[in-house]
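Peer 1: Structure incoming, see below.
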Amino acid sequence: MRLLLISAFLAQSIVNAVGTTVHLDYATYHGHALSNGISQWLGMRYAAPPTGNLRFAPPQDPERMQYVQNATVHGARCIGLSQTPTPALSEDCLFINVYAPTGATADSQLPVYFFIPGGGFNTDSNANYNGSALLLAADKQMLVVTFNYRVASLGFLASKEMRGSVNNGLKDQRKAMMWVQDNIAKFGGNPKHVVLGGDSAGAASITLHLAAYGGRDDGLFHGTAAESQSFGPVLTIEESQYQYDALVANSGCKGKSDTLACLRGMDIGSYQKAAVNVPYPRKHWEPLFMYSPVIDSDFVRAVTMKEFQDGNFVKLPAIYGNVLNEGTTFCPRNIANMETSTKWLSNQFPHLNSSHADAVSKYFPRTPERFPKSTDFWRQCANAYGSIRYLCPGLTLSSIYASHSIPVYTYLWSVKDPRSEASGLGVFHTAEINAIWSPGAAGTKSFWPQSYLPGGVNDGVIPVVQGYWTSFVRHLDPNRERARGTPVWEQWGQGSRLVFETNKTTMRTVANDERGMCEYFGQVAVDLRQ
């Protein structure tokens, strides 16, 4: 009798196993089972190709596909500002990827980590992170989802001619979240336990979704983990009109009876040549990230920080954090003096006024350190930009969460890579990605820290941060499954954050001068339209 029961159980497990072929309502996808016990489905469509008449339109449902679709290779990434179309960079790019334990069943109900990549909303930095190492770090007790969304003008063009169809890159993200709600159980995931992750613009996207529609909770996610949350200026549609007008002028569509139809009719190669970066009105230089989400009185109803200050956001457990040197990869190394530094900052934050400039001079004086191939004011500029756009918003949000008694865990990534230190970049923007996902999972870039590789001086930090991160994804608490011997990651509360360093991770109270500086920039964040 016992043998019969065991046989019946095994047979039922086989029936319920996800397998590599998954049947969705609109398509059947065949993935690949890896030798490490993880299965992956790559390049699945979560929306129709946003081409032709769907250029500049909100994402639409994918068409039904009759035959089994191959899901063993990534789809094209979304083409960014000034990039040339290639098979790997395309306008047809709304693809999603799922990593799941091979043994998962449709009843497993495993937590889901839904990751939004960065790129300043103007490029897709890398939508194809490999989720295998994170799953292994979590003992295969979670799923990882990555995806593409439209960027630059294809995702964030705004003008009166758009007739309300703006913020389409954010709507792509929302569409992918809805896809997860509809389909992730078929891969072994729990649609009622989804944690949003993201770095830089991906982290900015998290805050925008928390505040979307005035803080409306649509049940699409249940916790958030933001790395280097980016708070750039949020313009109105009217203020963004200059971008559309410049694009029309560059494209040869000026004077046409329907300029939007003209832009839609262009081939993508010609369109990309016309869609170039231009300065804000009455500014001297182009901003780093010209296209970005805008206030549309619908999805985005006010500047992000204002929504959080007013309590108009979905109140869920969260992680916020930063690296030590957020601004070094952005500020030009040839900044000559304080005046030039302030002018450069004002080209990034067009509402920065003389009072704000005085505060920049006060809080960010010329630094005594000298760095290769850079002027005396490079680090001053980098420190100011990194703090205003990334560091201070994270601390401000942490305090807002604490005031609402929402669990919030704050970190500082100060893991120093010898080569990066020698170059002057220091602990640069999103460096922690290489530890959270494991070296190589986020692709290969020559300047990424080599010390995180096996045998490197910083390889020991990888299981530490992965323990906290996967624990948060699984339990909305970074401590339940943290690595043995690591400290409890306390909630922000009284202003303490977890500091990651080489061979050392400790809780520390934020220094008074840093808190004072961030209190000021938190107070003026709405004035800067952050």
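Heads up: the sequence shown is residues -19 to -1, 1 to 511, going by mature numbering (1 follows the signal peptide of the UniProt record, and there is no 0). Yeah, the Cβ is synthetic: ideal placement off N, Cα and C, and Gly gets one too.
1. Considering only residues of the same chain and omitting the five flanking positions on each side of residue 583, which have a CB-CB separation below 7 angstroms?
2. If distances are taken between C-alpha atoms only, which option among Ser232, Leu509, Leu406, Lys173 comes closest to Leu326?
3. Answer yes or no: do Ala133 and Leu201 have a C-beta to C-beta separation smaller than 8 angstroms?
4. Just checking, does the segment 105 to 112 make contact with the segment 271 to 283 on the three C-beta pairs under 8 angstroms criterion?
5. Roughly how many whole angstroms lie between the Cα atoms of Ala52 and Gly24?
6. Counting C-beta neighbours from all protein chains within 10 Å, is the total for Lys152 16 or more, i.e. buried, or is it exposed?
7. For Glu72 versus Leu135, is the C-beta distance shorter than 8 angstroms?
8. Starting from the Cα of Lys254, find the closest Cα among Phe270, Leu228, Ser181, Arg245 and give me that residue.
9. Going along the chain, which residues of its own chain have a beta-carbon closer than 7 angstroms to the beta-carbon of Asn293, five neighbours each way excluded?
10. Taking the C-alpha atoms as reference points, what is the distance between Gln154 and Ser140?
11. Using CA coordinates, which residue listed in Arg58, Phe95, Leu393 is at the minimum distance from Leu116?
12. Decide if Gln224 is buried, meaning its Cβ has at least 16 other Cβ atoms within 10 Å, or exposed.
13. Quick one: what's got a C-beta closer than 7 angstroms to Asn460's C-beta in the same chain, skipping five residues either side?
14. Specify, as a first and last residue, the run of the alpha helix (DSSP H) that Asp226 falls within.
15. By the three-class DSSP mapping on this structure, what secondary structure does Ala506 have?
16. In this structure, how does DSSP classify Tyr449 when only helix, strand and coil are distinguished?
17. Taking only the alpha-carbon atoms, compute the straight-line gap between Tyr390 and Gln290 and give it to the nearest angstrom.
18. Can you tell me where the alpha helix (DSSP H) holding Gln253 begins and where it ends?
19. If you draw a straight line from the C-alpha of Glu267 to the C-alpha of Tyr261, how long is it?
20. Give every residue of the same chain whose Cβ lies closer than 8 angstroms to the Cβ of Gly407, excluding the five residues on either side of it in the sequence, and list them in chain order.
21. Please classify Asp248: is it buried, with 16 or more other beta-carbons within 10 angstroms of its beta-carbon, or exposed?
22. Between which two residues does the alpha helix (DSSP H) holding Ser20 run?
23. Can you tell me whether Cys499 is helix, strand or coil according to DSSP?
Peer 2: With the given structure in hand:
1. No answer is possible for residue 583: the residues shown for the chain start at -19 and end at 511.
2. Within the sequence shown, residue 326 is the residue found at index 345, counting from 1. Residue nearest to Leu326 within the set Ser232, Leu509, Leu406, Lys173 is Leu509 (criterion: CA-CA distance).
3. Within the sequence shown, numbered from 1, the residue matching residue 133 stands at position 152. Within the sequence shown, numbered from 1, the residue matching residue 201 stands at position 220. No Cβ-Cβ contact shorter than 8 angstroms links Ala133 with Leu201.
4. No, the segment 105 to 112 is not in contact with the segment 271 to 283.
5. Position 71 of the sequence shown, counted from the start, is the residue given in the question as residue 52. Position 43 of the sequence shown, counted from the start, is the residue given in the question as residue 24. Their backbone Cα atoms lie some 6 angstroms apart in a straight line.
6. Taking the sequence shown and counting its residues from 1, one reaches residue 152 at position 171. Classification for Lys152: buried.
7. Your numbering for residue 72 matches position 91 in the sequence shown. Your numbering for residue 135 matches position 154 in the sequence shown. Between Glu72 and Leu135, the gap from beta carbon to beta carbon is short of 8 angstroms.
8. Mapped onto the sequence shown, residue 254 falls at position 273. Sorting Phe270, Leu228, Ser181, Arg245 by C-alpha distance to the C-alpha of Lys254 places Leu228 at the top.
9. As a working note, residue 293 is residue 312 in the sequence shown. The answer, listed in chain order, is Ala192, Gly195, Gly196.
10. The residue you call residue 154 lines up with position 173 of the sequence shown. The residue you call residue 140 lines up with position 159 of the sequence shown. Per the coordinates, the alpha-carbon of Gln154 lies some 21 angstroms from the alpha-carbon of Ser140.
11. For this step, residue 116 is matched to residue 135 along the sequence shown. Here the closest residue by C-alpha is Phe95.
12. Here the question's residue 224 lines up with position 243 in the sequence shown. A residue is called buried when at least 16 other Cβ atoms come within 10 angstroms of its Cβ; Gln224 meets this threshold and is buried.
13. One-based indexing of the sequence shown puts residue 460 at position 479. Result list for Asn460: Ser452, Val469, Trp470, in chain order.
14. Stepping through the sequence shown from its first residue, residue 226 is reached at position 245. Judged by DSSP secondary structure, Asp226 falls within the alpha helix (DSSP H) whose first and last residues are 222 to 232.
15. Taking the sequence shown and counting its residues from 1, the one referred to as residue 506 is at position 525. In this structure, DSSP gives Ala506 a state outside helix and strand, which the three-state scheme calls coil.
16. In the sequence shown, residue 449 corresponds to position 468, counting from 1. Look at Tyr449 here: in three-state DSSP terms it is helix.
17. As a position in the sequence shown, residue 390 is number 409, starting the count at 1. As a position in the sequence shown, residue 290 is number 309, starting the count at 1. Their backbone Cα atoms lie some 18 angstroms apart in a straight line.
18. For the purposes of this step, residue 253 is taken as the residue at position 272 of the sequence shown. It spans 249 to 255 - the alpha helix (DSSP H) in which Gln253 sits, taken as one unbroken run.
19. By one-based count along the sequence shown, residue 267 stands at place 286. By one-based count along the sequence shown, residue 261 stands at place 280. Whole-angstrom Cα-Cα distance: 7 angstroms.
20. The count along the sequence shown starts at 1 and reaches residue 407 at position 426. So the list reads Leu305, Asn306, Thr309, Lys397, Ser401, once near-sequence residues are dropped.
21. As a position in the sequence shown, residue 248 is number 267, starting the count at 1. Counting Cβ neighbours within 10 Å, Asp248 comes out exposed, since fewer than 16 surround it.
22. Within the sequence shown, residue 20 is the residue found at index 39, counting from 1. Here Ser20 belongs to no alpha helix (DSSP H); instead the beta strand (DSSP E) covers 19 to 26.
23. By 1-based counting over the sequence shown, the position of residue 499 is 518. Secondary structure of Cys499 (DSSP, three-state): helix.
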